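In what follows, a single structure is set out as structure tokens and then discussed.
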Amino acid sequence: MKFYLSNRESTLELDFLTAAKILESIPEEKIKKLPLESYYELLDKNKTAFFNATIDEIIEIRSKKGRDSSTQLLKILKATQKNGRQLTEDQEEYLKKVINRLEEGSLPKKTVQKALKALSELEKDIQNPLKVIGVLQREISPTFLKSHYAETSAITEGKREVILSLYLTGESNG
């Protein structure tokens, strides 16, 4: 959740408590007519600031993907998948499920790190798809692979939108 306060000169991001104090109203407060031109001008400034802030966060998340445990584990699993001629259909399906959950970002970081550590302890046996599957099944709880659990814990890049816009009258609106 992000909160912005704009005036004619600048736009400022606010923390939750500051925004809550500003939005607080009293029953005696009078309703005032909005100057629509300046309202939309300030709304556009807030939307631009919101877009820029969220695009920076998405870029930051994507740039971290190259070095983290999930990416390393994903590389190992994709290599295992290519070398998986001796796997049963169930094992292939299990491997696909783990790969999908990794790509979605829905597996807990600690679980991924534990699985990666256990796989690195295999050393040369890491080329054996059956041993890789065995490690995954031991280290990754089946709960994390269920659709409903993964869908609720996955980080999604949903719609960006301004949910609430309030025009403040008085000295604070510039």
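Just so we're aligned, residue 35 is where the sequence shown starts under my numbering, counting upward by one. Positions of the beta carbon are idealized from the N, C-alpha and C atoms, including for glycine. Please read these numbers as outputs of a predicted model, since none were measured by experiment.
* P69 burial status per 10 Å Cβ neighbour count (16 or more: buried) -> One-based indexing of the sequence shown puts residue 69 at position 35. So P69 ends up on the exposed side.
* Under 7 Å between the Cβ atoms of Q125 and I167? -> Translated into positions along the sequence shown, residue 125 becomes position 91. Translated into positions along the sequence shown, residue 167 becomes position 133. Yes, they are a contact pair.
* **Alpha-carbon to alpha-carbon, I60 and A184** => Here residue 184 corresponds to residue number 150 of the sequence shown, with the count starting at 1. Here residue 60 corresponds to residue number 26 of the sequence shown, with the count starting at 1. Since pLDDT at A184 reaches only 40, below the 50 mark, its modelled position is unreliable, and no value is offered.
* Spatial distance of Y38 from K55 (CA atoms) -> In the sequence shown, counting from the first residue as 1, residue 38 sits at position 4. In the sequence shown, counting from the first residue as 1, residue 55 sits at position 21. Their backbone Cα atoms lie some 13 Å apart in a straight line.
* To do: Express the C-alpha separation of K144 and K180 in angstroms, rounding to a whole number.
  => As a first step, residue 180 must be located in the sequence shown, where it is residue number 146. As a first step, residue 144 must be located in the sequence shown, where it is residue number 110. Those two C-alpha atoms are separated by around 18 Å.
* What are the residues that DSSP puts in a beta bridge with S40? -> Along the sequence shown, read from residue 1 onward, the residue named residue 40 stands at position 6. Per DSSP, the beta-bridge partners of S40 are T45.
* To do: Please classify S209: is it buried, with 16 or more other beta-carbons within 10 angstroms of its beta-carbon, or exposed?
  => In the structure as shown, the chain starts at 35 and stops at 208, and residue 209 therefore has no counterpart that could be examined.
* CA-to-CA distance, Q147 to N84, given in whole angstroms -> Counting from one through the sequence shown, the residue named residue 84 turns up at place 50. Counting from one through the sequence shown, the residue named residue 147 turns up at place 113. It is worth fixing the name first, because residue 84 is Phe in this sequence and not Asn. Answer to the nearest angstrom: the Cα atoms are 33 Å apart.
* Grouping DSSP H, G and I as helix and E and B as strand, with all else coil, what is L170? -> Taking the first residue of the sequence shown as position 1, residue 170 is located at position 136. DSSP, reduced to helix, strand and coil, places L170 within a helical segment of the structure shown.
* To do: Express the C-alpha separation of N134 and K151 in angstroms, rounding to a whole number.
  => Here residue 151 refers to the residue found at position 117 when the sequence shown is read from its first residue. Here residue 134 refers to the residue found at position 100 when the sequence shown is read from its first residue. Approximately 20 Å, taken between the alpha carbons.
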